[in-house]
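This note's numbering numbers the first residue of the sequence shown as 813 and each following residue consecutively.
Virtual Cβ for every residue (Gly too), placed ideally from N, Cα, C.
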Amino acid sequence: MLAKVKRSNRDRDTLESQHSYDLIRIYKIYSLLRDFYKHYKSKKISDNEIGKLLSQHITGTFHKNNRKFLTNALTNIKNIHTILLTEDINSIHNKKIIIGAAKENMEYIKKMIQIVDDIVYHQNIKSLKEQITLFND
Numbered sequence: 813m814l815a816k817v818k819r820s821n822r823d824r825d826t827l828e829s830q831h832s833y834d835l836i837r838i839y840k841i842y843s844l845l846r847d848f849y850k851h852y853k854s855k856k857i858s859d860n861e862i863g864k865l866l867s868q869h870i871t872g873t874f875h876k877n878n879r880k881f882l883t884n885a886l887t888n889i890k891n892i893h894t895i896l897l898t899e900d901i902n903s904i905h906n907k908k909i910i911i912g913a914a915k916e917n918m919e920y921i922k923k924m925i926q927i928v929d930d931i932v933y934h935q936n937i938k939s940l941k942e943q944i945t946l947f948n949d
């Protein structure tokens, strides 16, 4: 049983390390999209035109690679969430906080997938604008 616990802890540590890297990269993707949006907005370009321009910038390899990355990041946090649900954490309060954070990270990644897909497939920046407002930067 001890070997199984050690392996599980090692797996969790690996997943959490990867997730930390994932969050940094996800924020870089968001920052790039935000900066493009702000650049075009400063030039008084309409939201519809910004959607078309952003779509042109991220369609192709950028979208393919980052969409796959975002999907893998979502799978990773779902795996972490599953481990956390089955793990014996000393305090119920701490367990609720940790599991809540994992759920919020899942929602954030899903939102980023939606933003990228909206831009590429629909040339729509509404979800990006909502995220910019949410981050308030």
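Would you kindly report the start and end of the unbroken alpha helix (DSSP H) that includes residue i?
| i | result |
| --- | --- |
| T945 | 938-947 |
| T871 | From DSSP, T871 is part of no alpha helix (DSSP H); its letter is neither H nor E. |
| D900 | Element bounds for D900: n/a, residue is neither H nor E. |
| Q935 | Neither: Q935 is in no alpha helix (DSSP H) and is coded neither H nor E. |
With burial defined as no fewer than 16 other Cβ atoms inside 10 Å of the residue's Cβ, what is the status of residue i: buried or exposed?
| i | result |
| --- | --- |
| G863 | buried |
| Q943 | buried |
| K818 | In this prediction, K818 has a pLDDT of 45, which is less than 50 and means its spatial position is unreliable; what the coordinates show is noted afterwards. That one is exposed. |
| I909 | exposed |
| L946 | exposed |
| N917 | buried |
| N860 | exposed |
Measure the beta-carbon distance from residue i to residue j and round it to whole angstroms, keeping in mind my assumption that it falls under 8 angstroms.
| i | j | result |
| --- | --- | --- |
| A914 | I937 | With a Cβ gap of about 28 angstroms, A914 and I937 do not count as contacting. |
Fill in: Stretch-stretch touch, CB-based, cutoff 8 angstroms, three pairs: the region 824-838 with the region 876-886
yes
Worksheet item: Do the region 926-938 and the region 891-904 make contact, defined as three or more Cβ pairs closer than 8 angstroms?
Response: no
Worksheet item: Counting pairs of beta carbons, one from the region 901-909 and one from the region 846-860, are three or more of them closer than 8 angstroms?
Response: no
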